[in-house]
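Numbering (the working numbering), first residue to last: 23 to 96.
What follows is one structure encoded as structure tokens, with my remarks underneath.
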Amino acid sequence: SFAVNENLAVSANQMDNEYAKAGATHITEETIGFGASYTMGSAAVRVLASEVDNSGGLKSVDNKHVEVSLMLAF
């Protein structure tokens, strides 16, 4: 993660997780994600995106997730 300035932050991540299947080939779950947030006083806008290949060690089970949120503190 990196704080661009006092209001903007960006982040990226990548993870591989190998599942050992008894009597079968090992399956690698691959995850990649990006995030950004911008804060103005008590309000924050956040964007998160991630993609998972072979989710849960199941071959050809892929997930994509995008989230946009507005947070307000009173």
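Note that the Cβ used here is the ideal one computed from N, Cα and C, for glycine as well.
(Q) Tell me which residue opens and which closes the beta strand (DSSP E) that Ser91 is part of. (A) As a first step, residue 91 is located in the sequence shown; it is residue number 69 there, counting from the start. Per DSSP, Ser91 belongs to the beta strand (DSSP E) from Asn85 to Leu94.
Q | Candidates Ile54, Leu70 and Thr53: closest to Tyr60 by CA position | A | In the sequence shown, the residue the question calls residue 60 occupies position 38. The option with the nearest alpha carbon to Tyr60 is Leu70.
Q. Which whole-angstrom value describes the C-beta separation of Ile54 and Tyr41, a residue pair presumed to lie in contact below a C-beta threshold of 8 Å?
A. Start at 1 with the first residue of the sequence shown, and residue 54 comes out as number 32. Start at 1 with the first residue of the sequence shown, and residue 41 comes out as number 19. About 18 Å separates the beta carbon of Ile54 from that of Tyr41, a gap too long to meet the 8 Å contact definition.
Q: Kindly give me the distance between the Cβ atoms of Met62 and Asn39, rounded to whole angstroms, as I take these residues to be in contact under 8 Å.
A: Stepping through the sequence shown from its first residue, residue 62 is reached at position 40. Stepping through the sequence shown from its first residue, residue 39 is reached at position 17. Contact between Met62 and Asn39 does not hold, since the beta-carbon distance rounds to 37 Å and is not under 8 Å.
Q: Take Glu73 and list the residues in its own chain whose beta-carbon comes closer than 6 Å to its own, dropping the five residues that flank it on each side.
A: Translated into positions along the sequence shown, residue 73 becomes position 51. Counting only Cβ-Cβ distances below 6 Å, and skipping sequence neighbours, we find Ile54 and Lys86.
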